[in-house]
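A.B. asks: My questions all concern the structure below.
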Amino acid sequence: MGQFKVSSPFLEKGDFKQVSEDSSLPTPMEYVMRKLLSLGESVTTSFFPHLTKVVEIIFTLPMSNAWPERGFSKLKLTKTTLRNILQNDILQSLLQVSLNGPKPCSEHADTLIQNSVYNWKAVKARRKLPRVPLTVPSTPVENECFNGIAQQEYEKALRVLRLAKFAQKVAELEDDAGSESEN
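Just so we're aligned, residue 1 is where the sequence shown starts under the UniProt record's numbering, counting upward by one.
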């Protein structure tokens, strides 16, 4: 805190001339609050009785809540309904990787994944499962349900179209009636 030369317990505008844009130096507000706390209760209570308490409270408040919010956001993304049965240690490991790991699709992430796969394969001989062609059987029940839904959607669209045409005719009749009454 030796950046400022202050001869009296009261601060003046000239005391802040040495402040630069360097992030290692405290801001003028931080300097003033630290100076008030270092002066002690006797000086500050006579002029500003509650100011030291306010400064103490301000110093205990976190600067932002971005860090915990980011953690909760990653937790929500990691523990989805499909992965709801994760053990706490696995969940903690996944959160550590997602919070502190490299960005996905970066060179560092790709090399890390390649090294991990290489190490995983080297631990134990593994066999590949044969690929089974994926065939989706077409059942008549699925087709009937789909056709029924498509038919309902088609009928709903026709009703909306009829209502729109009817509303257009009513608007035209009102316009015609309004123009005849003006003549």
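Ideal Cβ placement from N, Cα and C applies to all residues, glycine included.
For a minimum of 4 consecutive residues, which ranges assigned as the alpha helix (DSSP H) are wholly contained in the region 33-115?
C.D. replies: Those alpha helix (DSSP H) runs which fall completely within the region 33-115 and span 4+ residues are 41-47, 51-60, 66-78 and 88-100.
A.B. asks: Is the beta carbon of L75 less than 8 Å from the beta carbon of L61?
C.D. replies: Position 75 of the sequence shown holds residue 75. Position 61 of the sequence shown holds residue 61. No, the Cβ-Cβ distance between L75 and L61 is not below 8 Å.
A.B. asks: Sort L161, L39 and N100 by Cα distance to W67 and report the nearest one.
C.D. replies: Translated into the one-based positions of the sequence shown, residue 67 becomes position 67. Looking at the Cα atoms, N100 is the closest of the given residues.
A.B. asks: Could you check if M33 is buried or exposed, using at least 16 other CB atoms within 10 Å of its CB as the buried criterion?
C.D. replies: Residue numbering aside, residue 33 sits at position 33 when the sequence shown is read from its first letter. M33 is buried by the Cβ-count criterion.
A.B. asks: Does the beta-carbon distance from L77 to T52 come in below 8 Å?
C.D. replies: Counting from 1 along the sequence shown, the entry for residue 77 is found at position 77. Counting from 1 along the sequence shown, the entry for residue 52 is found at position 52. Their beta carbons are not under 8 Å apart, which means L77 does not touch T52 by this criterion.
A.B. asks: Within 10 angstroms of the Cβ of Y31, are there 16 or more other Cβ atoms? Answer buried if so, exposed if not.
C.D. replies: Position 31 of the sequence shown, counted from the start, is the residue given in the question as residue 31. Y31 should be labelled buried.
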